[in-house]
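Visitor:
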Amino acid sequence: MTERPIDVLDKAKGKRIMVKLKNGEEVTGVLRALDLHLNLWLDEAEIQKNDTKIRLGSVLVRGDTMVYASPV
Amino acid sequence: MTERPIDVLDKAKGKRIMVKLKNGEEVTGVLRALDLHLNLWLDEAEIQKNDTKIRLGSVLVRGDTMVYASPV
Amino acid sequence: MTERPIDVLDKAKGKRIMVKLKNGEEVTGVLRALDLHLNLWLDEAEIQKNDTKIRLGSVLVRGDTMVYASPV
Amino acid sequence: MTERPIDVLDKAKGKRIMVKLKNGEEVTGVLRALDLHLNLWLDEAEIQKNDTKIRLGSVLVRGDTMVYASPV
Amino acid sequence: MTERPIDVLDKAKGKRIMVKLKNGEEVTGVLRALDLHLNLWLDEAEIQKNDTKIRLGSVLVRGDTMVYASPV
Amino acid sequence: MTERPIDVLDKAKGKRIMVKLKNGEEVTGVLRALDLHLNLWLDEAEIQKNDTKIRLGSVLVRGDTMVYASPV
Amino acid sequence: MTERPIDVLDKAKGKRIMVKLKNGEEVTGVLRALDLHLNLWLDEAEIQKNDTKIRLGSVLVRGDTMVYASPV
Chain A
6 MTERPIDVLD KAKGKRIMVK LKNGEEVTGV LRALDLHLNL WLDEAEIQKN
56 DTKIRLGSVL VRGDTMVYAS PV
Chain F
6 MTERPIDVLD KAKGKRIMVK LKNGEEVTGV LRALDLHLNL WLDEAEIQKN
56 DTKIRLGSVL VRGDTMVYAS PV
Chain E
6 MTERPIDVLD KAKGKRIMVK LKNGEEVTGV LRALDLHLNL WLDEAEIQKN
56 DTKIRLGSVL VRGDTMVYAS PV
Chain D
6 MTERPIDVLD KAKGKRIMVK LKNGEEVTGV LRALDLHLNL WLDEAEIQKN
56 DTKIRLGSVL VRGDTMVYAS PV
Chain C
6 MTERPIDVLD KAKGKRIMVK LKNGEEVTGV LRALDLHLNL WLDEAEIQKN
56 DTKIRLGSVL VRGDTMVYAS PV
Chain S
6 MTERPIDVLD KAKGKRIMVK LKNGEEVTGV LRALDLHLNL WLDEAEIQKN
56 DTKIRLGSVL VRGDTMVYAS PV
Chain U
6 MTERPIDVLD KAKGKRIMVK LKNGEEVTGV LRALDLHLNL WLDEAEIQKN
56 DTKIRLGSVL VRGDTMVYAS PV
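Residue numbers (the numbering used here), protein chains in the order written: chain A, 6 to 77; chain F, 6 to 77; chain E, 6 to 77; chain D, 6 to 77; chain C, 6 to 77; chain S, 6 to 77; chain U, 6 to 77.
#1: Using a Cβ cut-off of 8 Å (strictly closer), state whether S:G62 contacts chain U.
#2: Decide if F:N44 is buried, meaning its Cβ has at least 16 other Cβ atoms within 10 Å, or exposed.
#3: Run down chain A in chain order and give the residues with a C-beta less than 8 Å from the C-beta of F:E8.
#4: Please list the partners that A:N55 has in chain F, where partner means a Cβ-to-Cβ separation under 7 Å.
#5: Is the CB of D:L65 under 8 Å away from at least one CB in chain E?
#6: To the nearest angstrom, how far is it from the Cα of E:N55 to the Cα of E:K27?
#7: What does U:I52 touch in chain S if you count any residue whose Cβ is under 9 Å from its own?
#8: Quick test of the definition: if touching needs 3 or more C-beta pairs under 8 Å, does the segment 6 to 25 of chain U touch the segment 55 to 70 of chain C?
#9: CA-CA distance, A:D40 and C:G34?
#10: By the 7 Å beta-carbon criterion, what residues does the segment 16 to 31 of chain A contribute toward chain F?
#11: Please report the residue range of the beta strand (DSSP E) in which E:V32 lies.
#12: Which residues in chain U have a C-beta closer than 9 Å to the C-beta of S:T33? List them in chain order.
#13: Taking U:V77 as part of the alpha helix (DSSP H), name the residues at either end of that continuous run.
#14: Which residue from E:V77, E:P76 and E:R37 puts its Cα closest to that of E:G62?
#15: Going by DSSP in three states, S:G68 sits in which element: helix, strand or coil?
#16: Can E:L47 and F:L65 be called in contact, C-beta distance under 8 Å?
#17: What residues in its chain sit with their C-beta under 6 Å from that of A:R60, if we drop five residues either side in the sequence?
#18: Should D:V77 go down as buried or exposed, given a rule of 16 or more other Cβ atoms within 10 Å for buried?
#19: Under the rule that 16 or more other beta-carbon atoms within 10 Å means buried, what is U:K25, buried or exposed?
#20: Do you know how far the Cα of E:E31 is from the Cα of A:E31?
#21: Check C:D48 in the structure and name its three-state DSSP category.
#22: If we cut at 8 Å on Cβ distances, does U:I59 have a partner in chain S?
#23: I need the straight-line Cα distance from D:K16 to D:T57, nearest angstrom please.
#24: Just to confirm before moving on: does the CB-CB distance between S:S75 and S:I11 stay below 8 Å?
#25: In whole angstroms, what is the alpha-carbon distance linking U:Y73 and A:H42?
#26: In terms of residue numbering, what span does the alpha helix (DSSP H) encompassing C:L14 cover?
#27: What number of angstroms, rounded off, separates the C-alpha of E:K18 from the C-alpha of C:G29?
#28: Look up U:T7 in the DSSP assignment and say whether it is helix, strand or coil.
#29: Can you name the start and end residues of the beta strand (DSSP E) that F:K25 belongs to?
#30: Tell me, please, whether the CB atom of C:A50 is closer than 8 Å to any CB atom in chain H?
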């Protein structure tokens, strides 16, 4: 079966991923769910901007704010 | 049943959430309703920008202005 | 019946609301009509930007320029 | 019949309206036609940006560049 | 028959129009074709930005980059 | 048959075109293929930004990044 | 059969490509999968911004953040 780009995230469920956002922030968290709009549900999430790190717990990241996402 | 990213908010109904907006502001409030566009109805809402905090009462947050949202 | 986010505005018809716009301006006015794109018809509208306030009378606010809206 | 937000412009046909654009310019002109995308045909149009005013005659204003529009 | 906003351009076919773009540039040219996305085919086109003028010959202007367009 | 704006590019297949991008860069290359989203396949492509020129070989230019395109 | 712009990437599967992003960053990586939204799955990916280079491993690049992409 042909692989789809979204599979790189789909097989990372339960693992930690890094998401680069259009506003320059980086979110890391354990991927729990995703959909075709690339909306993401992350657990144990942390936001990094410049030198500041903020702990968020569970977070919904809106898909259209993503630049790229990568398992870490 | 497969979980969807939006479920992280759906199960936070009646609880306080934090929403990061594309214009840099943060809104917190008690989540009363949401839809598939990620439009949100928040009660007892407060807007934080830099060092300023404004009380809004009930507010409709347009979904396409959201970067991420997280139960607090 | 399940509440929708737009209901927070729908039940504010005839009352004064504040609308925060993506260009940083704030519009207040009496809500007369709204649609599913969040286009708004406001009467007795005023625009506030920084320290300037402009009276507009009736105004159509395009929905995709809204960040959030709140009864005042 | 329920009023729609666009009616505030629809009943202004043949009258002068002011349109605030996302690039910060203001256009005024006599409204001749509009559609559901909020594209506008204005006659006797003038553009105002900062202290400069330019006369355009007839102009098509693309709807997605509008922030708000108001009969003057 | 009801007039549409796009008619202001449709009847300008074969004539010179000015198009203001979202990136601040102005294009003038003889309108040869247009479609419902407001994509334009201009002949004998010139681009003006600040004090620079560039001759382009024939050009396709993407509709979603237009702010407004006006026969000159 | 009515001409469409995209025809100005369609008849430029196999010839060199210049594409102005929303990020301010200019791409030139030999047009090999295009679609209705204005996605372009250019061969022997070069990118010009300010005083820097970069050779790319074959390139896919995403249509929604185009401001205008012109045969050179 | 008529060639499509996306074919320039389709035939680069398994090879290294460079992707220019709207936020100014450049991603290079081995193309493993792509779809019609131009979402990309890259392996052995590296991000270059100004003078910084970051190794990412596998990455999903969201299609609407791409300016252009080119086999290297």
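For each residue, glycine too, the CB sits at the ideal point set by N, CA and C.
Guide: So, from the data block:
#1: Translated into the one-based positions of the sixth sequence, residue 62 of chain S becomes position 57. Chain U contact via Cβ: present.
#2: By 1-based counting over the second sequence, the position of residue 44 of chain F is 39. It counts as buried.
#3: Residue mapping note: residue 8 of chain F aligns to position 3 of the second sequence, counting from 1. Within chain A, the residues near F:E8 are R37, A38 and W46.
#4: Indexing the first sequence from 1 puts residue 55 of chain A at position 50. Going along chain F, no residue has its Cβ under 7 Å from A:N55, so there is no contact; the nearest lies around 13 Å.
#5: Translated into positions along the fourth sequence, residue 65 of chain D becomes position 60. Not an interface residue.
#6: On the third sequence, residue 55 of chain E is found 50 positions in, with the first residue counted as 1. On the third sequence, residue 27 of chain E is found 22 positions in, with the first residue counted as 1. Their Cα atoms are separated by approximately 14 Å.
#7: Counting from one through the seventh sequence, the residue named residue 52 of chain U turns up at place 47. Correct list: empty, because the minimum Cβ distance to chain S is about 17 Å.
#8: no
#9: Against the first sequence, residue 40 of chain A aligns to sequence position 35. Against the fifth sequence, residue 34 of chain C aligns to sequence position 29. Rounded to the nearest angstrom, the two C-alpha atoms are 45 Å apart.
#10: L26 and N28
#11: As a position in the third sequence, residue 32 of chain E is number 27, starting the count at 1. That run of the beta strand (DSSP E) goes E31 to L39.
#12: Taking the sixth sequence and counting its residues from 1, the one referred to as residue 33 of chain S is at position 28. Simply none; closest approach about 12 Å.
#13: In the seventh sequence, the residue the question calls residue 77 of chain U occupies position 72. From DSSP, U:V77 is part of no alpha helix (DSSP H); its letter is neither H nor E.
#14: As a working note, residue 62 of chain E is residue 57 in the third sequence. Answer by Cα proximity: E:R37.
#15: Indexing the sixth sequence from 1 puts residue 68 of chain S at position 63. Helix.
#16: As a first step, residue 47 of chain E is located in the third sequence; it is residue number 42 there, counting from the start. As a first step, residue 65 of chain F is located in the second sequence; it is residue number 60 there, counting from the start. Contact: no.
#17: To locate residue 60 of chain A, count along the first sequence from 1; it is residue 55. Here the set comprises E51.
#18: Position 72 of the fourth sequence, counted from the start, is the residue given in the question as residue 77 of chain D. With fewer than 16 Cβ atoms within 10 Å of its Cβ, D:V77 is classed as exposed.
#19: The sequence position of residue 25 of chain U within the seventh sequence is 20, counting from 1. When all chains shown are included, U:K25 counts as buried.
#20: For the purposes of this step, residue 31 of chain A is taken as residue 26 along the first sequence, with counting starting at 1. For the purposes of this step, residue 31 of chain E is taken as residue 26 along the third sequence, with counting starting at 1. Taking the straight line joining both Cα atoms gives about 30 Å.
#21: Start at 1 with the first residue of the fifth sequence, and residue 48 of chain C comes out as number 43. The answer is strand: DSSP assigns C:D48 an E or B state.
#22: Reading the seventh sequence from its first residue, position 54 is the one you call residue 59 of chain U. Not an interface residue.
#23: Counting from one through the fourth sequence, the residue named residue 16 of chain D turns up at place 11. Counting from one through the fourth sequence, the residue named residue 57 of chain D turns up at place 52. C-alpha separation (whole angstroms): 30 Å.
#24: Taking the first residue of the sixth sequence as 1, we reach residue 75 of chain S at position 70. Taking the first residue of the sixth sequence as 1, we reach residue 11 of chain S at position 6. In this structure, S:I11 does not lie closer than 8 Å to S:S75 by Cβ.
#25: Numbered from 1 along the seventh sequence, position 68 holds the residue referred to as residue 73 of chain U. Numbered from 1 along the first sequence, position 37 holds the residue referred to as residue 42 of chain A. Approximately 21 Å between the Cα atoms of the pair.
#26: Counting from one through the fifth sequence, the residue named residue 14 of chain C turns up at place 9. Note, C:L14: alpha helix (DSSP H), D12 to D15.
#27: Stepping through the third sequence from its first residue, residue 18 of chain E is reached at position 13. Stepping through the fifth sequence from its first residue, residue 29 of chain C is reached at position 24. For E:K18 and C:G29, the distance between alpha carbons rounds to 38 Å.
#28: Your numbering for residue 7 of chain U matches position 2 in the seventh sequence. Looking at U:T7 - three-state DSSP - the assignment turns out to be coil, as it is neither helix nor strand.
#29: Here residue 25 of chain F refers to the residue found at position 20 when the second sequence is read from its first residue. R21 to L26 is the extent of the beta strand (DSSP E) around F:K25.
#30: Given the protein chain composition of this structure (A, F, E, D, C, S and U), no chain H is represented.
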